[in-house]
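Undergrad: Sharing a structure with you now.
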Amino acid sequence: MIVRAELQCYFCGHDLGEVKIPTPARQPTAEQLRAAYLATGRSEQPVWDREADRPLCPRCRGQLALALEIVRRPERVAARQVSARG
Ligand SMILES: [Zn+2]
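FYI, the numbering for the sequence shown is 8 to 93, going by our numbering.
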């Protein structure tokens, strides 16, 4: 499935934007999250706390809130359209 993830700072409210992560689990791993933000090519990236293995706010180094939403697979929608036509 594809999970939409969004990071926002608890402390200063800074929004790092959202990314889409293909993952077999409901919750992406910290590594998948890091890779997804890197893949956006945005100049502003979450600061990675290597010890705790979690992202931190690039502005205030505060803890980030992670919002997750499961995105429906686009293949399923396409398959339904094909069967409706036939
Ligand atoms: Zn912050």
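Don't be surprised by glycine CBs; every beta carbon is placed ideally from N, CA and C.
#1: Buried or exposed: A12, going by 16 or more other Cβ atoms within 10 Å of its Cβ?
#2: Any heavy atom of ligand 1 closer than 7 Å to the beta-carbon of G69?
#3: For I9, is the classification buried or exposed, using 16 other Cβ atoms within 10 angstroms of its Cβ as the cut-off for buried?
#4: Given a cut-off of 8 Å, decide if I77 and R49 are closer than it, judged by their beta-carbon atoms.
#5: Are the beta-carbon atoms of R66 and C19 separated by less than 8 Å?
#6: Under the three-state reduction of DSSP, which class applies to E51: helix, strand or coil?
#7: Any heavy atom of ligand 1 inside 7 Å of the beta-carbon of R49?
TA: Result, derived from the coordinates:
#1: Result: buried.
#2: Between ligand 1 and G69, a heavy atom-to-CB distance of less than 7 Å is present.
#3: For I9, the number of other beta carbons within 10 angstroms of its own is below 16, and it is reported as exposed.
#4: Not in contact: R49 and I77 (Cβ atoms no closer than 8 Å).
#5: Going by C-beta atoms, R66 is nearer than 8 Å to C19.
#6: Taken through DSSP and simplified to helix, strand or coil, E51 comes out as coil.
#7: In this structure, the C-beta of R49 stays at least 7 Å away from each heavy atom of ligand 1.
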